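K.L.:
Residue numbers (my numbering), protein chains in the order written: chain F, 193 to 488; chain A, 330 to 653; chain U, 15 to 254. Glycine residues also receive a C-beta, built at the ideal position from the N, C-alpha and C atoms. Every value quoted in this text rests on a predicted model; they were computed, and no experiment measured them.
Here it is in structure tokens:
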């Protein structure tokens with residue numbers, strides 16, 4: 193039955209969207225800025241995975257965590273060099289901190305895309321799959337082996353992240369800083385280090401998402417643009433800064449898009465999400481689960 | 330600085346004169362450069378200068394960082410192109426229609442997203458831009474999709490086009506100067522610096538914000554339409570996010586919130602990109618790196634550096650000492 | 015007829031009654047104090063008076079006109095101006111330009127605004143910083159600038175929200191003098207403040223709020239000495 197197939201595949205896509213969107217939601221939660229270079233964390237992960245496994249001749253199962261580490265490293269580096277002005281009293285952009293973030297992350301996105309384009313080349317690259325089998329079916333549903341494994345890993349990661357945030361000490365520090373930066377630091381939490389951690393985690397998740405999908409998508413330097421836009425829609429839908437909202441919205445979007453593409457229009461399935469973003473921001477800016485406050 | 334030099338009318342006047350100087354230099358170029366290819370490059374950079382001025386009006390003067398300038402250039406170009414393609418409308422109708430159309434859409438968009446700021450504004454305008462581009466790309470019967478449309482040209486002479494673009498740019502500059510000098514410009518600055526404070530002081534923020542949107546989009550729309558007649562082809566590529574990224578880079582590098590900055594930035598970035606392209610295609614790497622560096626360390630851009638406006642503010646005590 | 019009147023003003027947030035059936039009046043030429051402990055609803059009342067918040071019930075009457083549903087801008091046009099607790103100035107233009115904008119926003123011509131601005135800047139002793147970007151002024155200077163912007167075209171009533179909060183004593187005196195001088199010229203004020211000595215000094219009459227309700231109205235001294243007010247500030251075990 194088509195609908196069931198669409199549902200399952202939509203959920204699987206949703207899981208990948210969630211990996212990226214959750215990191216974006218965390219960044220927004222703690223710094224109140226949108227990271228326009230998030231798609232490039234995804235791209236870096238995809239390229240790291242492919243290059244490490246091909247050039248170093250290493251098993252894909254080792255290249256995967258390596259790509260994740262690369263993502264974490266780049267996330268941490270971006271925070272350290274570019275994001276400090278947002279909260280350490282940098283006077284120059286003082287009244288326009290949000291705009292600084294827009295410009296700087298936009299520029300970073302361009303920089304990363306073109307660096308990779310120059311260093312590796314503009315043509316799509318092929319990466320090794322994690323397992324050999326490709327297509328098989330469970331009942332009426334057609335599945336792709338790589339996607340299934342990737343979805344499984346994503347699910348495990350997302351669950352792990354949720355537990356981490358809720359239960360662990362660091363996770364609770366993240367929650368504290370996201371809610372009230374000043375209060376958290378008064379309570380003895382190192383807000384700066386927490387922010388670095390958040391960026392590293394966000395980078396890690398996005399990179400992993402890119403690495404998991406690399407065998408399916410054959411990345412090229414601008415491969416991150418498409419998932420990035422999905423992430424923006426998801427974060428807005430779920431409520432800016434809400435991790436749960438992002439996860440649920442990601443799954444919803446995956447499913448909705450799958451049905452929209454088949455029953456309404458394939459070409460406009462991306463535009464559908466974007467339209468949703470505009471409508472949400474105008475009429476219900478807190479999304480499904482977020483807090484109000486879209487004005488500075 | 331605590332000298333009368335810092336007074337808005339004086340700052341603006343210096344700014345205006347420098348910009349006029351730049352245009353005067355541009356006016357002399359065809360006397361030394363005759364290759365149509367080179368002239369064409371400068372014409373394209375003037376196109377970008379117009380987009381930069383349009384975006385700067387909205388972002389630099391009014392504080393609304395929209396991510397849709399390229400999309401409006403595309404909309405303006407397509408207005409003219411479609412009027413010609415479907416109804417054989419002459420450019421005398423097509424060009425003004427582009428201005429009016431984009432002004433209206435821009436005004437409406439501004440009205441819709443009035444209360445949004447920062448990342449929310451950026452995301453909404455980005456979505457609008459992408460939707461516009463996707464719709465145009467996919468409406469094959471109406472717009473010929475990615476193939477683009479052919480647009481008639483205003484004249485055959487490249488030198489003629491050069492001076493046309495220059496004249497339009499000059500008109501835009503003078504118009505913006507007069508606006509920024511008047512109360513409209515001051516209200517925009519106030520809205521940029523504190524829109525709630527502006528409301529409290531009695532400024533009709535709704536009216537002036539939507540005016541800025543409409544005007545900025547009209548400038549971009551007209552630039553796009555004009556460029557369409559020059560290149561004789563309009564395609565959805567005009568509205569790519571990459572183009573917006575270029576425009577933003579030009580304004581940030583040149584000096585945001587000034588008259589000279591956007592023009593300076595557009596000329597420098599586009600002209601040197603041609604030069605860098607020959608070296609080895611690293612132009613985008615260089616410019617995106619420059620944008621990051623300028624945003625991080627030199628908010629006032631090149632023009633700001635040239636006029637010694639420091640990004641790091643001095644204290645009032647220093648200023649008192651200085652003017653004593 | 016009073017210049018500004020509130021009648022049964024109410025506002026709820028969630029289940030909490032921030033402002034509950036508040037009624038008081040400000041006479042022309044008066045400085046009325048609005049006092050009360052933290053969280054008593056004073057700022058919420060001010061926000062409703064100046065168009066930043068819509069009341070859930072009740073009305074606001076200004077110069078015999080029902081202005082309850084008007085926006086901040088419409089109120090400003092009618093001569094109702096407010097100042098904020100956290101100073102709001104336009105940081106990236108000069109002090110003088112700030113004043114010019116304020117004047118033009120009130121409908122004055124550039125020339126007129128320029129003249130009045132010069133007079134005010136001298137009165138506020140800010141001539142030496144008039145060309146400095148407002149963002150570079152000290153906290154006290156910014157407050158004075160906000161005063162200047164508010165009075166470049168004297169409003170019919172000025173709502174001041176904790177103007178003396180966290181202000182240096184010398185600056186406080188300058189601001190109090192400014193208020194006194196204007197009052198002597200007939201300016202009407204509604205002053206929300208914690209600073210008791212200043213309230214006693216400047217406000218002949220006061221309204222005291224607690225937990226969203228009005229608990230005392232009258233000459234400032236008697237309000238401050240009344241039992242409900244003392245209890246509100248110090249807790250009910252404090253009265254002798």
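When the cut-off is 8 Å and only beta carbons count, does residue 531 of chain A lie next to chain U?
P.N.:
Judged by the 8 Å Cβ criterion, residue 531 of chain A is in contact with chain U.
K.L.:
Hey, would you say residue 402 of chain F sits closer than 8 Å to residue 202 of chain F, going by beta carbons?
P.N.:
No, these two residues do not count as a Cβ contact at 8 Å.
K.L.:
Looking at residue 216 of chain F: is its Cβ nearer than 8 Å to the Cβ of residue 227 of chain F?
P.N.:
It is a contact, given that the beta carbons lie within the stated cut-off.
K.L.:
Return the chain-ordered list of same chain residues with a C-beta closer than 8 Å to the C-beta of residue 180 of chain U, the five sequence neighbours on each side being excluded.
P.N.:
These residues qualify, in order along the chain: 153.
K.L.:
Which of the three DSSP states is assigned to residue 134 of chain U in this structure?
P.N.:
Looking at residue 134 of chain U - three-state DSSP - the assignment turns out to be helix.
K.L.:
Checking 8 Å against the spacing of the C-beta atoms, do residue 408 of chain A and residue 482 of chain A come in under that value?
P.N.:
No; because the gap between Cβ atoms is not below 8 Å, this pair is not in contact.
K.L.:
Is residue 317 of chain F near the ligand ZN, with its Cβ less than 7 Å from a heavy atom?
P.N.:
Judged by which ligands are present, the structure shown has none, so any question about the ligand ZN falls away.
K.L.:
Taking the alpha helix (DSSP H) that residue 297 of chain F falls in, what are its first and last residues?
P.N.:
289-311 is the span of the alpha helix (DSSP H), which, as asked, contains residue 297 of chain F.
K.L.:
At least one CB of chain A closer than 8 Å to the CB of residue 18 of chain U: is that the case?
P.N.:
No, residue 18 of chain U does not count as interfacial toward chain A.
K.L.:
By alpha-carbon positions, which one of F:289, F:279, F:478, F:307 ends up nearest to residue 388 of chain F?
P.N.:
The residue with the shortest Cα to Cα distance from residue 388 of chain F is F:279.
K.L.:
By the three-class DSSP mapping on this structure, what secondary structure does residue 415 of chain A have?
P.N.:
Helix, per DSSP.
K.L.:
Compute the beta-carbon to beta-carbon distance between residue 36 of chain U and residue 23 of chain U, rounded to the nearest angstrom, for a pair I have assumed lies under 8 Å.
P.N.:
4 Å between Cβ atoms; contact.
K.L.:
By the three-class DSSP mapping on this structure, what secondary structure does residue 385 of chain A have?
P.N.:
Note: residue 385 of chain A maps to helix in three-state DSSP.
K.L.:
Would a check of beta-carbon distances place residue 624 of chain A closer than 8 Å to chain U?
P.N.:
No, its Cβ sits nowhere closer than 8 Å to a Cβ of chain U.
K.L.:
Beta carbons nearer than 9 Å to chain F: which residues of the stretch 510-532 of chain A have them?
P.N.:
Answer in chain order: 521, 522, 523, 524, 525.
K.L.:
In the structure shown, what three-state DSSP assignment does residue 579 of chain A receive?
P.N.:
Helix at residue 579 of chain A.
K.L.:
What is the DSSP secondary structure of residue 209 of chain U, counted as helix, strand or coil?
P.N.:
Residue 209 of chain U falls in the coil class under three-state DSSP.
K.L.:
Using three-state DSSP, classify residue 95 of chain U as helix, strand or coil.
P.N.:
In the structure shown, residue 95 of chain U sits in a strand (DSSP, three-state: E or B).
K.L.:
Looking only at its chain, what residues have a beta carbon closer than 6 Å to the beta carbon of residue 356 of chain F, apart from the 5 residues adjacent to it on each side?
P.N.:
If we look at residue 356 of chain F and ignore the five residues flanking it on each side, its Cβ neighbours are 363.
K.L.:
Is there contact between the stretch 123-131 of chain U and the stretch 172-186 of chain U, where contact requires at least three CB pairs shorter than 8 Å?
P.N.:
No, they do not touch.
K.L.:
Give me, in chain order, the residues of the same chain whose beta-carbon lies closer than 8 Å to that of residue 640 of chain A; leave out the 5 immediate sequence neighbours on both sides.
P.N.:
For residue 640 of chain A, the predicted structure reports a pLDDT of 44, less than 50, and the residue's modelled location is therefore unreliable. A value from the coordinates is still provided. Closer than 8 Å at the Cβ level, and outside the excluded window around residue 640 of chain A, lie 626, 627, 628, 629, 633.
K.L.:
Would you mind working out which of U:225, U:144, U:217, U:90 sits nearest residue 165 of chain U, comparing C-alpha positions?
P.N.:
Checked all of U:225, U:144, U:217, U:90; the closest Cα to residue 165 of chain U is U:90.
K.L.:
Note down, in chain order, each residue of its chain lying with its Cβ closer than 6 Å to the Cβ of residue 348 of chain A, except the 5 sequence neighbours on either side.
P.N.:
502, 588, 589, 592, listed in sequence order.
K.L.:
What's the C-alpha gap between residue 418 of chain A and residue 428 of chain A?
P.N.:
If I take the Cα positions, the gap works out to 15 Å.
K.L.:
Name, please, each residue of chain A whose Cβ falls closer than 7 Å to the Cβ of residue 165 of chain U.
P.N.:
Neighbours of residue 165 of chain U on chain A: none; closest Cβ ~12 Å, over 7 Å.
K.L.:
Just to check my reading of the structure: residue 398 of chain A and residue 462 of chain A have Cβ atoms closer than 8 Å, yes? What is that Cβ distance to the nearest angstrom?
P.N.:
13 Å between Cβ atoms; not a contact.
K.L.:
What does the alpha-carbon distance come out to for the pair residue 434 of chain A and residue 265 of chain F?
P.N.:
Each residue's Cα considered, the two are about 43 Å apart.
K.L.:
Could you spell out where the alpha helix (DSSP H) holding residue 196 of chain U opens and where it closes?
P.N.:
Looking at the DSSP string, the run of the alpha helix (DSSP H) that includes residue 196 of chain U is 183-198.
K.L.:
Quick check on residue 217 of chain U: does DSSP put it in helix, strand or coil?
P.N.:
It is coil, neither helix nor strand.
K.L.:
Counting only the same chain and skipping the five closest in sequence on each side, list residues whose C-beta sits under 6 Å from that of residue 170 of chain U.
P.N.:
These residues qualify, in order along the chain: 93.
K.L.:
If we cut at 8 Å on Cβ distances, does residue 303 of chain F have a partner in chain A?
P.N.:
Answer yes: the Cβ-Cβ gap between residue 303 of chain F and chain A drops below 8 Å somewhere.
K.L.:
Taking residue 339 of chain F as the query, report the chain A residues whose CB atoms sit under 7 Å from its CB, ordered along the chain.
P.N.:
Per Cβ cutoff of 7 Å: no residues; residue 339 of chain F is ~25 Å from chain A at best.
K.L.:
How many Å lie between residue 479 of chain F and residue 447 of chain F at the Cα?
P.N.:
In a straight line, the C-alpha of residue 479 of chain F is about 18 Å away from that of residue 447 of chain F.
K.L.:
What's the C-alpha gap between residue 203 of chain U and residue 158 of chain U?
P.N.:
Approximately 16 Å, taken between the alpha carbons.
K.L.:
Can you have a look at residue 195 of chain U and say buried or exposed, based on whether 16 or more other CB atoms are within 10 angstroms of its CB?
P.N.:
With fewer than 16 other Cβ atoms within 10 Å, it is exposed.
K.L.:
Pop quiz: residue 583 of chain A and residue 597 of chain A are said to be a contact at Cβ under 8 Å. What is the actual Cβ separation, rounded to whole angstroms?
P.N.:
Right, the Cβ-Cβ distance comes to about 7 Å (below 8 Å), so this counts as a contact.
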